[in-house]
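Structure first, commentary second.
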Ligand SMILES: [Zn+2]
């Protein structure tokens, strides 16, 4: 039997949804509290607790339309378990700025935050203590970068506490998000633990979808897929016929094809192409003479995950990323 769910004084009974706000008093100079809006969807049947947040990096809102499409029509009377949604970083969100003056570095590198720490750490602590700690069984922390949607997750052994089954469940969720490729993190980001890293360290499978401007439909399908797989809602799982598991590495240069000469770019491949070492992937030409100055070759076998298509390039500029393929998943 499902029970009442209460967060920061807001309660949703079985089969109900309700919305409220977490208020953390005393953080700002103007005397106003830090406020975090949230929605609770409390199902009628037993099931897991899924926590979804978006825009902890404030400009990364491309997935919001997909979240809206799923959650605005989610019926708690046809739900098993609980979905909690929040818009955690309201400080940055309202102005779509990463770094309001008091947020001095990446808010996604302070792990689960600290109730006695800096403003940023106190903000993250509010998300952790109200939505995750002792509550969430799965976490989806939606971010966004152009040009193509993919999903980050973490392999066993990267965060100190991640267990094999947590890494496995994270990979399953990452693939269910239904992007054409996922990036498996085999080493730490550096610069401190991510919020997702804190989750997996505490035994909670977690993913970071990086949603592109075209990623609303993938997000919609992905969230539904994950909820169907967790038996929270009825439905069919829909996946691309092929998905690539790529190796994420902190050494960006190891992934990059760069031009050695300034000029203008013509890519010869598309994002999603699988290339072999030595394949021609782009040319750089002179806009003064229209002579080809350089033919760029793939530096490894791999998957073209980004192309910086803006044509004007200086010497040494990255043109595209080619990531090592760890595995190819065929969905029949
Ligand atoms: Zn981000």
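Numbering (my numbering), first residue to last: 2 to 333. Glycine is no exception: its CB is placed at the ideal position from the N, C-alpha and C atoms.
CA-to-CA distance, residue j to residue i, given in whole angstroms
i           : j           : result
residue 28  : residue 324 : 42 Å
residue 1   : residue 106 : In the structure displayed, the chain extends from 2 to 333; residue 1 sits before or after that span and is not available.
residue 169 : residue 20  : 32 Å
residue 55  : residue 275 : 31 Å
residue 1   : residue 290 : The structure shown does not extend to residue 1, since the chain is modelled only from 2 to 333, so the question has no answer here.
residue 282 : residue 297 : 6 Å
residue 273 : residue 126 : 38 Å
residue 310 : residue 213 : 15 Å
residue 241 : residue 332 : 7 Å
residue 182 : residue 292 : 36 Å
residue 35  : residue 160 : 29 Å
residue 155 : residue 57  : 19 Å
residue 245 : residue 30  : 48 Å
residue 133 : residue 312 : 44 Å
residue 144 : residue 42  : 22 Å
residue 238 : residue 172 : 16 Å
residue 119 : residue 86  : 25 Å
residue 211 : residue 262 : 31 Å
residue 68  : residue 224 : 8 Å
Residue i in three-state terms, based on DSSP
i           : result
residue 35  : strand
residue 22  : strand
residue 67  : helix
residue 314 : strand
residue 221 : helix
residue 335 : Any property of residue 335 remains undetermined from this structure, which presents the chain solely from 2 to 333.
residue 47  : strand
residue 207 : strand
residue 328 : strand
residue 198 : helix
residue 272 : coil
residue 4   : coil
residue 79  : helix
residue 231 : coil
residue 187 : coil
residue 72  : helix
residue 28  : coil
Within-8 Å CB hit, residue i to chain B
i           : result
residue 142 : Of the protein chains in this structure there is only one, and it is not chain B.
Please enumerate, following chain order, all residues with a beta carbon closer than 5 Å to at least one heavy atom belonging to ligand 1. 58, 61, 144
My parser needs the alpha helix (DSSP H) runs of 4 or more residues fully inside the segment 106-175; what are they? 120-128
Length-filtered (4 minimum) alpha helix (DSSP H) runs lying within the segment 234-259: 253-256
Would you call the segment 58-65 in contact with the segment 19-26, where contact means no fewer than 3 C-beta pairs closer than 8 Å? no
Could you check whether the segment 198-215 touches the segment 133-141, counting it as contact only if at least three pairs of C-beta atoms, one from each stretch, sit closer than 8 Å? yes
On the three-pair Cβ rule with 8 Å, is the segment 298-315 touching the segment 143-159? yes
Any contact between the segment 39-53 and the segment 82-96? By contact I mean 3 or more CB pairs, one from each, below 8 Å. yes
Could you check whether the segment 219-227 touches the segment 163-180, counting it as contact only if at least three pairs of C-beta atoms, one from each stretch, sit closer than 8 Å? yes
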